[in-house]
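Novice: Numbered per the numbering used here, the sequence shown spans residues 182 to 257.
Backbone N, C-alpha and C define an ideal beta-carbon position, used for all residues, glycine too.
The structure presented is a predicted model; accordingly, all values stated were derived computationally and were not measured.
Structure in structure tokens, see below.
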Amino acid sequence: MKNLSLKLEDEIFQETEKIVLKVNKNRNRYINEAIEFYNRLHKRRLLSKQLSKESKMLANDSLEVLAEFEKLNDEN
182 MKNLSLKLED
192 EIFQETEKIV
202 LKVNKNRNRY
212 INEAIEFYNR
222 LHKRRLLSKQ
232 LSKESKMLAN
242 DSLEVLAEFE
252 KLNDEN
């Protein structure tokens, strides 16, 4: 496990302290879970962006292939 020095804005710290007491978790566990959640969220967003980009590339290629097939059909 790594040690980390972290500066939080006062409002975020106060809100975190209130929540930690209500959910009966220690601060470190709560922050670890929050960062893990945020990492998963961003990994999904990055994957979604990548899939969208690749889908657009594939769509263009598919249209080109379709046009080639249409040319072949017209020639016959």
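For residue 215, tell me which candidate among 197, 247 and 254 has the shortest Cα-Cα distance.
Specialist: Counting from 1 along the sequence shown, the entry for residue 215 is found at position 34. Among 197, 247 and 254, the Cα nearest to that of residue 215 belongs to 197.
Novice: Could you please give the first and the last residue of the uninterrupted alpha helix (DSSP H) stretch that includes residue 220?
Specialist: For the purposes of this step, residue 220 is identified with residue 39 of the sequence shown, where counting begins at 1. Counting along the chain, the alpha helix (DSSP H) containing residue 220 begins and ends at 208–256.
Novice: Taking the continuous alpha helix (DSSP H) assigned at residue 189, which residues delimit it?
Specialist: Mapped onto the sequence shown, residue 189 falls at position 8. Premise fails: residue 189 is in no alpha helix (DSSP H) and is neither H nor E.
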